[in-house]
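Protein chains in written order, with my numbering: chain A, 145 to 260; chain B, 866 to 979. The C-beta atom is built at its ideal place from N, Cα and C for all residues, glycine as well. This structure is a prediction, so every number in the text was calculated from the model and none was measured. Following: one structure in structure tokens, then a few remarks.
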Amino acid sequence: SAVISQKPSRDICQRGTSLTIQCQVDSQVTMMFWYRQQPGQSLTLIATANQGSEATYESGFVIDKFPISRPNLTFSTLTVSNMSPEDSSIYLCSARTRDPDSYGYTFGSGTRLTVV
Amino acid sequence: GDSVTQMEGPVTLSEEACLTINCTYTATGYPSLFWYVQYPGEGLQLLLKATKADDKGSNKGFEATYRKETTSFHLEKGSVQVSDSAVYFCALSDLGQGAQKLVFGQGTRLTINP
Numbered sequence: 145s146a147v148i149s150q151k152p153s154r155d156i157c158q159r160g161t162s163l164t165i166q167c168q169v170d171s172q173v174t175m176m177f178w179y180r181q182q183p184g185q186s187l188t189l190i191a192t193a194n195q196g197s198e199a200t201y202e203s204g205f206v207i208d209k210f211p212i213s214r215p216n217l218t219f220s221t222l223t224v225s226n227m228s229p230e231d232s233s234i235y236l237c238s239a240r241t242r243d244p245d246s247y248g249y250t251f252g253s254g255t256r257l258t259v260v
Numbered sequence: 866g867d868s869v870t871q872m873e874g875p876v877t878l879s880e881e882a883c884l885t886i887n888c889t890y891t892a893t894g895y896p897s898l899f900w901y902v903q904y905p906g907e908g909l910q911l912l913l914k915a916t917k918a919d920d921k922g923s924n925k926g927f928e929a930t931y932r933k934e935t936t937s938f939h940l941e942k943g944s945v946q947v948s949d950s951a952v953y954f955c956a957l958s959d960l961g962q963g964a965q966k967l968v969f970g971q972g973t974r975l976t977i978n979p
């Protein structure tokens with residue numbers, strides 16, 4: 145089945161700095177998704193990233209805070225900018241693949257971010 | 866918009882007990898329904914799925930039936946094990962409306978005691 149490599153797996157960052165999270169898929173995919181999972185909460189979609197076009201952000205998320213790149217069909221990055229302690233969460237990327245075992249949705253293992 | 870409501874947790878059971886985690890949904894179209902599991906320190910894994918009414922998804926002893934009349938997709942297992950301790954998420958994808966994204970419920974933390 146499709147595999148997404150996500151890194152870093154965890155990081156502790158100072159407030160005011162930025163962190164870029166990378167996701168690499170082992171097959172070409174059209175759509176990639178970035179989710180946030182705040183402590184004890186469910187997954188909330190941040191944005192959908194299509195190759196060759198601007199990412200589409202969900203209500204409450206803006207490009208200046210969470211810029212996304214999608215340079216090709218196997219890779220995407222999410223940057224968490226000007227971080228504050230409220231950004232402490234797990235960030236997950238996901239991709240829609242043709243893998244029948246996962247019905248097309250594959251997830252990375254997540255990035256656990258702590259902002260101090 | 867589409868939404869998923871899950872039974873609130875946490876849920877604590879003894880080994881070999883029966884499990885039911887309730888999940889109901891609201892969708893404009895005709896969604897596909899999923900249960901995902903997140904083991905401690907790991908990412909999300911698909912547990913089971915159903916794509917149309919009356920479909921039953923099953924995996925690792927877990928089952929869930931797509932009930933259109935009650936807009937539900939409850940997760941069940943007849944005899945749980947300590948290794949089932951995890952967080953379980955119900956989710957939907959309303960592909961018929963052109964939405965590729967998954968919408969998740971709030972998650973239910975399950976702890977199984979030996």
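Q) Out of curiosity, what's the CA-to-CA distance linking residue 921 of chain B and residue 937 of chain B? A) Working through the second sequence from its first residue, we reach residue 921 of chain B at position 56. Working through the second sequence from its first residue, we reach residue 937 of chain B at position 72. Their backbone Cα atoms lie some 12 Å apart in a straight line.
**Q.** Beta carbon of residue 169 of chain A nearer than 8 Å to that of residue 218 of chain A
**A.** One-based indexing of the first sequence puts residue 169 of chain A at position 25. One-based indexing of the first sequence puts residue 218 of chain A at position 74. Cβ atoms of residue 169 of chain A and residue 218 of chain A: closer than 8 Å.
Q | Contact set between residue 970 of chain B and chain A, taken where Cβ atoms lie within less than 8 Å | A | Residue numbering aside, residue 970 of chain B sits at position 105 when the second sequence is read from its first letter. Neighbours of residue 970 of chain B on chain A, chain order: 186.
Q. Using a C-beta to C-beta distance shorter than 7 Å, which residues of chain A count as neighbours of residue 946 of chain B?
A. The residue labelled residue 946 of chain B in the question sits at position 81 within the second sequence. Per Cβ cutoff of 7 Å: no residues; residue 946 of chain B is ~23 Å from chain A at best.
Q.
Buried or exposed for residue 883 of chain B, going by 16 or more other Cβ atoms inside 10 Å?
A. In the second sequence, residue 883 of chain B corresponds to position 18, counting from 1. Exposed, since its Cβ has fewer than 16 Cβ neighbours within 10 Å.
**Q.** Residue from B:968, B:947 and B:959 with nearest C-alpha to residue 917 of chain B
**A.** Here residue 917 of chain B refers to the residue found at position 52 of the second sequence. Of B:968, B:947 and B:959, the residue nearest in Cα terms is B:959.
Q | Selection of the segment 902 to 932 of chain B by Cβ proximity to chain A, strictly under 7 Å | A | 907, 908, 909, 911 and 914
(Q) For a cutoff of 8 Å on Cβ pairs, would you count residue 189 of chain A as touching chain B? (A) As a working mapping, residue 189 of chain A is identified with position 45 in the first sequence. Closer than 8 Å: yes.
Q | Rounded C-alpha distance that separates residue 154 of chain A from residue 234 of chain A | A | Taking the first residue of the first sequence as position 1, residue 154 of chain A is located at position 10. Taking the first residue of the first sequence as position 1, residue 234 of chain A is located at position 90. So the two alpha carbons sit approximately 9 Å from each other.
Q | Cut-off 6 Å between Cβ atoms - residues of its own chain near residue 214 of chain A, not counting five sequence neighbours on either side | A | Along the first sequence, one-based indexing puts residue 214 of chain A at 70. Hits under 6 Å: 193, 195 and 220.
(Q) Please tell me whether, using a cut-off of 7 Å, the distance from the CB of residue 220 of chain A to the nearest non-hydrogen atom of the ligand MN is below it. (A) The ligand MN is not among the ligands present in this structure, which contains no ligands whatsoever.
(Q) Within a Cβ cutoff of 7 Å, which residues of the same chain sit near residue 892 of chain B, ignoring the five residues on either side of it in sequence? (A) In the second sequence, the residue the question calls residue 892 of chain B occupies position 27. If we look at residue 892 of chain B and ignore the five residues flanking it on each side, its Cβ neighbours are 867, 957 and 959.
Q | Cβ-Cβ separation, residue 254 of chain A to residue 167 of chain A (assumed contact under 8 Å), whole Å | A | The count along the first sequence starts at 1 and reaches residue 167 of chain A at position 23. The count along the first sequence starts at 1 and reaches residue 254 of chain A at position 110. Actually they are not in contact, since the Cβ atoms of residue 167 of chain A and residue 254 of chain A sit about 10 Å apart, beyond 8 Å.
Q: Could you say if the segment 867 to 876 of chain B and the segment 922 to 935 of chain B meet the contact criterion of at least three C-beta pairs nearer than 8 Å?
A: no
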